[in-house]
Amino acid sequence: MSLFVPLTTPNGYQYDQPRGLFINNEFVPSSTGQVIEAVDPATALPIATVYAASADDVDKAVQAAYKALRDPSWKQLPGTERGALMARLADLMERDRALLATIDAWDNGKPYQVAYNDDLGEAISTVRYYSGWADKTFGQTISTTHTKFAYTLRQPIGVVGQIIPWNYPLSMALWKLGPALACGNTVVIKAAEQTPLSILVLARLIKEAGFPAGVVNVINGYGREAGAALVQHKLVDKVAFTGSTGTAREIMKMAAGTLKNITLETGGKSPLIVFKDSDLDQAVKWSHFGIMSNQGQICTATSRIFVHQDILDTFLQKFKETLTQTSKIGHQWDETTYQGPQVTRAQYDRILSYIELGKQEGATVVAGGGAFVPASKEHANGYFVQPTVFTNVTDSMRIYREEIFGPVVVIRSFATEEEVIRYANDSEYGLGAAVFTKDIERAHRVAAEIEAGMVWINSSQDCDPRVPFGGVKQSGIGRELGEAGLEAYTQVKAVHVNLGSRL
Ligand code: NAD
Numbered sequence: 001m002s003l004f005v006p007l008t009t010p011n012g013y014q015y016d017q018p019r020g021l022f023i024n025n026e027f028v029p030s031s032t033g034q035v036i037e038a039v040d041p042a043t044a045l046p047i048a049t050v051y052a053a054s055a056d057d058v059d060k061a062v063q064a065a066y067k068a069l070r071d072p073s074w075k076q077l078p079g080t081e082r083g084a085l086m087a088r089l090a091d092l093m094e095r096d097r098a099l100l101a102t103i104d105a106w107d108n109g110k111p112y113q114v115a116y117n118d119d120l121g122e123a124i125s126t127v128r129y130y131s132g133w134a135d136k137t138f139g140q141t142i143s144t145t146h147t148k149f150a151y152t153l154r155q156p157i158g159v160v161g162q163i164i165p166w167n168y169p170l171s172m173a174l175w176k177l178g179p180a181l182a183c184g185n186t187v188v189i190k191a192a193e194q195t196p197l198s199i200l201v202l203a204r205l206i207k208e209a210g211f212p213a214g215v216v217n218v219i220n221g222y223g224r225e226a227g228a229a230l231v232q233h234k235l236v237d238k239v240a241f242t243g244s245t246g247t248a249r250e251i252m253k254m255a256a257g258t259l260k261n262i263t264l265e266t267g268g269k270s271p272l273i274v275f276k277d278s279d280l281d282q283a284v285k286w287s288h289f290g291i292m293s294n295q296g297q298i299c300t301a302t303s304r305i306f307v308h309q310d311i312l313d314t315f316l317q318k319f320k321e322t323l324t325q326t327s328k329i330g331h332q333w334d335e336t337t338y339q340g341p342q343v344t345r346a347q348y349d350r351i352l353s354y355i356e357l358g359k360q361e362g363a364t365v366v367a368g369g370g371a372f373v374p375a376s377k378e379h380a381n382g383y384f385v386q387p388t389v390f391t392n393v394t395d396s397m398r399i400y401r402e403e404i405f406g407p408v409v410v411i412r413s414f415a416t417e418e419e420v421i422r423y424a425n426d427s428e429y430g431l432g433a434a435v436f437t438k439d440i441e442r443a444h445r446v447a448a449e450i451e452a453g454m455v456w457i458n459s460s461q462d463c464d465p466r467v468p469f470g471g472v473k474q475s476g477i478g479r480e481l482g483e484a485g486l487e488a489y490t491q492v493k494a495v496h497v498n499l500g501s502r503l
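All letters in the sequence shown, in the order written, are residues 1 to 503 by full-length UniProt numbering.
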C-alpha cells in the first residue's frame with residue numbers, strides 16, 4: 001500500500017490523502033501492515049484505508065518525541081519563536097480550511113458548512129490563541145528571608161500522549177496540541193479510528209509550518225492497541241484524553257503503572273433548565289441547538305431538559321415546530337442539511353437501541369422515534385436517525401440517566417427551583433448546564449448551585465478558546481482551553497537561592 005492515495009471528494013476536491021503514521025516529520029507504514037478503513041457515514045461506502053499503529057509503532061513515535069524534547073532545535077527555541085511556528089500553522093490551516101472541512105464532513109458525516117464554520121473556526125482560533133501564550137508563561141520570584149529568595153520556572157511536562165475522539169476531529173486535535181506546544185512539550189497524538197483522515201493532512205501542515213522533526217507525531221490506531229500502548233509507555237510523562245467515561249477509567253488505571261500526570265475530558269448528561277419567566281423562543285432555540293446540533297454527538301449536549309410545569313405544553317409545542325422547521329436531515333453536501341448521519345454504524349445502532357429502550361421503559365415519544373431513511377438510493381444505507389424527544393421520564397430510566405450521544409432528548413417538568421436543582425444534580429456526570437430565566441438573581445444563584453464545569457445562562461454550547469472547558473464528577477479531571485488549559489501542560493520547578501554565604 002502506498003503512503004498517499006489520490007482522492008476526489010464528493011464536492012469535487014482532488015488531493016493526495018496521506019495514509020502513513022507521521023513520525024519524525026515523515027509518513028511511514030505501520031510495522032504490521034494493519035490498517036483502518038475510513039467510511040462515509042452518509043453512504044456506508046469506504047473512502048480510504050490508512051495505516052494503524054501497533055505497540056512497536058507507538059514506541060517509535062514516543063522515542064521520536066523523547067528525542068525532540070531534548071533537541072536544542074526545540075528545547076532552546078525561544079517561546080516567541082514557538083509561538084510564531086504555531087501562528088504559521090494557523091495560517092496554513094486557514095489556507096487549506098475548505099479542504100480540511102471537506103475531509104471531516106466526508107469522514108464524520110457532519111454538514112460541510114458546520115465543519116467549515118464551526119470545527120475549523122474553532123481549531124484555527126485555538127491554535128492562534130495559544131500561539132500568543134507561548135512567550136507568556138512565566139514563573140514567580142518569591143521573597144523568603146533577608147538573605148534568601150526563591151524563583152519558580154514553568155517548564156514543559158515532557159512527552160505528552162494525546163488521545164482524541166471523533167465528534168470534532170480537528171478541533172479536538174488543536175485543543176490538545178495548542179497548549180501542549182505553547183508550553184514546549186512534545187507530542188504523540190492518536191486520532192479516533194472512526195475519523196482517521198483529516199489529522200494526517202494536518203500533520204503535513206505541521207511539517208510545512210516548520211516544526212522540528214519529532215515535536216508532533218501523529219498516529220492512527222485502535223484504542224485497545226495503540227491507545228493503550230501510548231498510555232502505558234514509560235517515556236510518556238502525561239496523558240491527555242477526551243472520550244467516554246468508561247475508557248477514561250481504563251486510562252486512569254493504566255496510567256497508574258507509571259504514575260502519569262493525566263487530564264480527562266469525558267461524558268455528560270447535561271441539564272438545561274427553563275424557568276417560567278424565560279424568553280420562551282430563545283429557550284426553545286437554544287435547547288434545540290444544545291441537543292440536536294452535530295447529530296447530538298456533543299459531550300456537553302444538553303440532553304436533559306427541565307421545563308417549569310406551567311409552560312411545559314407550550315414549550316413542547318414550540319420545540320416540535322422547531323424540529324420540523326430546522327432539523328432537516330440529509331447528506332453533508334446539501335446546504336440545507338442541519339443533521340447529517342451518525343458517525344458509524346455502531347453509534348447508529350447504539351442510539352436506536354436507546355430509543356427502543358426508552359419505549360420499553362414506558363417513556364412517551366413525542367417526536368421521532370427511530371431510524372430515518374432518505375429518499376435517495378445513494379444514501380439508503382446511511383446512518384440517519386430521527387431527532388427524538390421523550391417525555392414522561394422517571395429518575396430510574398436509563399434514557400434519563402445515561403449518555404446516548406445522539407439526537408435524543410428527555411424533557412421533564414418541575415415545580416420549584418429547589419426541585420429542579422435536585423434533578424439537575426442527580427447525575428454521575430457534571431459537564432455543562434444551561435439556565436433560562438430573566439431573573440438575574442436566580443440565574444446566578446442556580447449557576448452557582450449546579451454541579452457542572454460550565455454553565456450557560458440563556459444560551460447553550462458556547463465555547464471559546466479563552467474560556468476554560470471541563471467537567472466535575474465523572475465528566476473529567478482538569479481543564480482545557482483558556483489560561484487554565486496551560487496548567488495541564490507545565491510543571492513548576494522551585495529554585496532556592498542563598499545570598500547569605502558571606503554573612
Ligand atoms: P472512546 O472512549 O471509545 O474513544 C475515544 C478515544 O479513546 C479514541 O481515540 C479511542 O481509540 C481511544 N481508546 C479507546 N479505548 C482505549 C483504551 N483502552 N486505551 C487507550 N485509548 C483508548 O469514545 P467514543 O465512544 O469513541 O466517543 C464518544 C464519547 O466521548 C462520548 O461518551 C462523549 O461524551 C465523549 N466525549 C467527551 C468530550 C469531552 O470533551 N468531555 C468530547 C468528545 C467526546
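Think of the CB as a built atom: it goes at the ideal place given N, C-alpha and C, for glycine as much as any other residue.
Per-residue DSSP class, three states only, for residue i
i	result
V472	coil
Q34	coil
W456	strand
P169	helix
N381	coil
I421	helix
P179	helix
Y51	strand
L431	coil
Cβ-based burial, residue i [other Cβ within 10 Å; buried from 16]
i	result
K438	exposed
Y13	exposed
I440	exposed
K253	exposed
R238	What sits at residue 238 in the sequence shown is Lys, not Arg. Buried, because 16 or more other Cβ atoms sit within 10 Å of the Cβ of K238.
E265	buried
D104	buried
Q332	buried
Y185	According to the sequence as given, residue 185 is Asn; it is not Tyr. It counts as buried.
Q194	buried
G33	exposed
CA-to-CA distance, residue j to residue i, given in whole angstroms
i	j	result
L45	D57	28 Å
I450	E428	13 Å
F4	L92	20 Å
K320	N458	20 Å
Y51	A38	11 Å
T364	R401	16 Å
S460	V495	45 Å
P465	I124	10 Å
R345	A371	12 Å
G246	G223	12 Å
A488	V366	43 Å
Y112	L153	44 Å
E403	T144	51 Å
A375	S54	41 Å
P271	N220	34 Å
V96	S198	Going by the sequence as given, residue 96 is Asp instead of Val. Spanning the two alpha carbons is a distance of roughly 11 Å.
A68	Q76	11 Å
S501	A134	37 Å
A256	A180	21 Å
Segment limits, alpha helix (DSSP H) that includes residue i
i	result
K60	A55 to R70
residue 519	The first residue shown for the chain is 1 and the last is 503, placing residue 519 beyond what the model contains.
H496	Looking at the DSSP string, H496 is not in any alpha helix (DSSP H); the run it does join, the beta strand (DSSP E), is T490 to N498.
A203	S198 to A209
L100	R97 to N108
T337	T337 -> no alpha helix (DSSP H), and no H or E assigned at all.
S143	Premise fails: S143 lies in the beta strand (DSSP E), T141 to S143, not in any alpha helix (DSSP H).
A283	L280 to M292
L230	A228 to Q232
L77	Counting along the chain, L77 falls outside any alpha helix (DSSP H), and DSSP gives it neither H nor E.
L312	L312 to T326
Residue i, enclosing beta strand (DSSP E) - first and last residue
i	result
L7	F4 to T8
H308	R304 to H308
Y151	K148 to P156
R412	V408 to F414
L481	Run containing L481: none; DSSP gives neither H nor E here.
residue 551	Residue 551 lies beyond the stretch modelled for the chain, which goes from 1 to 503, so this question has no answer here.
D16	Q14 to P18
V366	T364 to A367
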